[in-house]
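Chains as they are written, first to last, in the working numbering: chain R, 4 to 524; chain V, 4 to 524.
To keep things clear, I will list the structure first and then write my remarks on it.
Now the structure itself:
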């Protein structure tokens, strides 16, 4: 059978377990789009903007551990996807970008959409290749999947010239094996165990694959309980498993002032799949490195190594089992009443969070109460803004819902951040995804009001303040959601907000709830 | 007086006639934001998304010939602006991007927002510099403006580490001179005049600064009338001046099939500030180069040279004056009645276009009738999608309105393209800009339906077709506009559409009119 490049590419992807493609195609991708009908094993999900596409692929990968493909239109299409690719790169997730390009012979002509795709791709990708011929495309595609699945996961970008896609002579390739995580170094783990058992003030800072593994969290807690040390989680985890019956790992605080308190007095900081802690931004006259003076940092594993295996070895070395772990007790907040505030929203989420929910957290300042309030809720996964590039929440929730159609997704979403990629709502409606978006509408870039004083601006003038203010005009997220086919409400008090959350959970498909709350803490 | 870097930067910008800054700041830009109150000559315009910011700076530059500044937050912020920077680069407009970055000493720490800003910037910029110290910042800023104003205009990106911005020791610099366009080569122009006078079938293809200059257009038409040649304009001009009393330059068609007809039989193609014509995309089995066999291409000026001066010299060499030009007669379409169609919308725009309007055209397939229908309307400027990266229209209209507060702006806007950067509506409302957005709502990526068959896909399957379909759910632009504070209506027939256009023109501030039209031609 003869097969064009696009069909060969799609078949190779699916044969390597890549069976979802988030797409925003253009003319140069039309053969890929046409080939979708010949490869029904591939699910194509349309996004109206590329930041939705790449953020959804991130959310999908966070929940499945497998890459989705994205389909993007030349350099500008990739450009629009860069911000959420940045977050995905920081999340260490696997992903395969298929970036359509002009036909090979068209590229020298400097047509309007010609640009240097390679430099953009390299900015966010661990692997970049331009496929040079139709008969090599299957091999290139398999290599892209293998690269994407290199532990812990990386972004592979395959540039696909239109004639390579439309040309005949597409091949098939045998399924390639994927790399396993590296084995952790046992001597290093034993040395860490000795330090922990020394009685000197110590903490274990964990990240990556450990955070989503209940057994690892329990064993780490058992180690901490037995040695008098503590377990901390990195500030913005890719995915953390938490809730009643699961050992809790306190996340390091975003605010350096609080993180410094968490780390104060430590003599040893042991890193398991996490980076040594630094502040998110630099602040005049303050240290960027959060490691206290006199504290030694010990790198036990990095993200390429098998975290759960390292934790098991550490527990063995310390001599503890899961039976020694302190599991979070079951608890929920009471249903809140009265005014809508960030704390009331957190209580409502805590009172109603469904079993096995996926929480996508881009609530920023308005949402700081949500994580502590839900620590005793039924077990759930919590996804955060790994790379700090806002506009992550709504796309990520979309991808998580595609990945896990039987699990409810709750997107806690700041209003300012929502406006970067709100087009995700349309995809949620189109696909009937079970996502409940809660807009924390403080009508301000509230985090910047806080940052303004943290960087030393004591009395900002009216122009500076106006640049952080979103009230003129006020955004109406109920109208925006309805404009994209998502039913939406704006409850006026905590009771009706809680009831709206319950209704959204009970009905299939997407919902949006706008909650107008005060700005600031 | 002591001055920090941010104040020195702002003062230097304003001293060099850069007095508008489209901004989407984050923590690393807070000192720039704080300094705005000390430099009231700078107007800061907030955008909710960076693609709005860069597209607005493009529209501003197209109308003023001067650069605006943009303020962007690290690599991801610049990434979100890349698509419209691509269009601006293709438009040859001046622009100055100020990209905030981490403090110099923070960059080695690999904090979450750390990325390689230089490679992103280089992708779209003619000039890139990372400012290394507060005392050099004024000089760096002046250099950026000089670079941006290098004819015909280029994108200059200044990377601004936070500590360079907040540090004391900011300097002032004397105002620097800007380069003038290069003088065209008279011998080349005389040779072109000889070819035109030879009687062999010839056309002049014009671009860049010539297109916006009424005198140049008249002289070119006089040349064409006298020599029996014709004048063509590039497919997607940065800004073309047109209407009653102005000589018309027919734009080369987007569709290669039509462009080929326009170029058919030519023996000579004379380029004045335009590139040799190529197809937008490659199509299987079709030529990408549009120059007919046997046609010689003569490059008379490129974009760095003074186009109007070249045209004047050409007219002198041919021996014609403006008196020989055929100026477009005054004419408007009758007010349309009946069903809403692309043709009816075009007629309504023609019937009502205000004097000296600025038309921003991203209407795609739905809008192909608009340009011919308005050829005899009162004089106006027409701005187009120079780089082919969709999501240009609403931001560009925003910037054009900031540039020309006394001129009405009409944005003819396709629905699919609108969804990339619709956040521009909020900025229009916030700034009270006189922009009327007409949404050509065919509820489809209609251009891709056409392109699907043009790339050789004869019978697309249901999945392929669904990827180009925007009906499930239907987008409601009236709701979307109201959600961002812009009054909006959805007239149901041509009469009420025309009346809505008139109402929008009569009332100050932004308006949106959604017109649901059939997909296709």
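Just so it is clear, CB atoms sit at the ideal spot from N, CA and C, and this is done for glycine as well.
- Across the structure, residue 163 (chain V) and residue 74 (chain V) are spaced so that their CA atoms are roughly 10 Å apart.
- Here residue 76 (chain V) has 27, 28, 29, 31, 32 and 103 as same chain residues with Cβ atoms under 7 Å from its own Cβ, once five neighbours each way along the sequence are excluded.
- Listed along chain V, the residues sitting closer than 7 Å to residue 485 (chain R) by beta-carbon distance are 479 and 482.
- Residue burial annotation: residue 261 (chain R) is exposed, with fewer than 16 other C-beta atoms found within 10 angstroms of its C-beta.
- Going by C-alpha positions, residue 337 (chain V) is about 8 Å away from residue 353 (chain V).
- Residue pairing by DSSP places residue 205 (chain R) opposite R:271 in a beta bridge.
- Put simply, of V:109, V:107 and V:57 the residue whose alpha carbon is nearest the alpha carbon of residue 94 (chain V) is V:57.
- Exclusion of the five residues before and after residue 289 (chain V) leaves 259 and 282 as the residues of its chain whose Cβ lies within less than 8 Å of its Cβ.
- In this chain, residue 395 (chain V) is not harboured by any alpha helix (DSSP H), its DSSP state being neither H nor E.
- For residue 10 (chain V), the secondary structure class from DSSP, reduced to helix, strand or coil, is helix.
- In the DSSP assignment, residue 25 (chain V) falls within the beta strand (DSSP E) that extends over 23 to 26.
- For residue 466 (chain R), the chain V residues whose Cβ falls inside 7 Å of its Cβ are 39, 40 and 47, in order along the chain.
- In this structure, the straight-line span from the alpha carbon of residue 486 (chain V) to that of residue 309 (chain V) is close to 45 Å.
- In the displayed model, residue 470 (chain R) falls within coil according to three-state DSSP, outside both helix and strand.
- Listed along chain R is no residue with a C-beta nearer than 9 Å to that of residue 189 (chain V); the closest approach is about 27 Å.
- Close to chain R, meaning a Cβ-Cβ distance shorter than 8 Å, are the following residues of the region 263 to 285 of chain V: 278, 281, 282, 283, 284 and 285.
- Non-local C-beta neighbours of residue 355 (chain R) in its own chain, meaning closer than 7 Å and more than five positions away in sequence, comprise 501, 504, 505 and 508, ordered along the chain.
- Counting along the chain, residue 372 (chain V) sits inside no beta strand (DSSP E), nor does DSSP assign it H or E at all.
- The C-alpha of residue 64 (chain R) lies about 31 Å from the C-alpha of residue 292 (chain R).
- Residues of the region 66 to 84 of chain V that bring their beta carbon within less than 7 Å of a beta carbon in chain R comprise 78, 79, 82 and 83, in sequence order.
- Contacts with chain V at 9 Å (Cβ-Cβ) do not include residue 519 (chain R).
- Proximity of residue 426 (chain R) to chain V, defined by a Cβ-Cβ separation below 9 Å, is satisfied.
- At a cut-off of 9 Å between C-beta atoms, residue 162 (chain R) does not count as an interface residue with respect to chain V.
- Linking residue 145 (chain R) to residue 215 (chain R) through their CA atoms gives a straight-line distance of about 28 Å.
- Secondary structure note for residue 162 (chain V): its beta strand (DSSP E) is the uninterrupted segment 158 to 164.
- Nearest to residue 149 (chain V) by alpha-carbon distance, out of V:122, V:184, V:116 and V:118, is V:184.
- Shown here, residue 314 (chain V) sits in a helix according to DSSP, grouped into three states.
- In the DSSP assignment, residue 103 (chain R) forms a beta bridge with R:76 and R:163.
- Within the same chain, Cβ atoms closer than 7 Å to the Cβ of residue 251 (chain V) are found at 245, 331 and 378, the five residues on either side in sequence being excluded.
- With a cut-off of 8 Å on Cβ pairs, the region 422 to 435 of chain R is not in contact with the region 460 to 468 of chain R, counting fewer than three such pairs.
- In the structure shown, the three-state DSSP call for residue 508 (chain R) is helix.
- Judged by DSSP in its simplified three-state form, residue 499 (chain V) adopts helix.
- Judged by DSSP secondary structure, residue 261 (chain R) falls within the alpha helix (DSSP H) whose first and last residues are 259 to 266.
- Within the region 359 to 383 of chain R, no residue places its CB atom closer than 7 Å to a CB of chain V.
- Per DSSP, reduced to three states, the secondary structure at residue 179 (chain V) is coil, with no helix or strand assignment.
- Residue 31 (chain R) sits in a helix when the DSSP states are folded into three classes.
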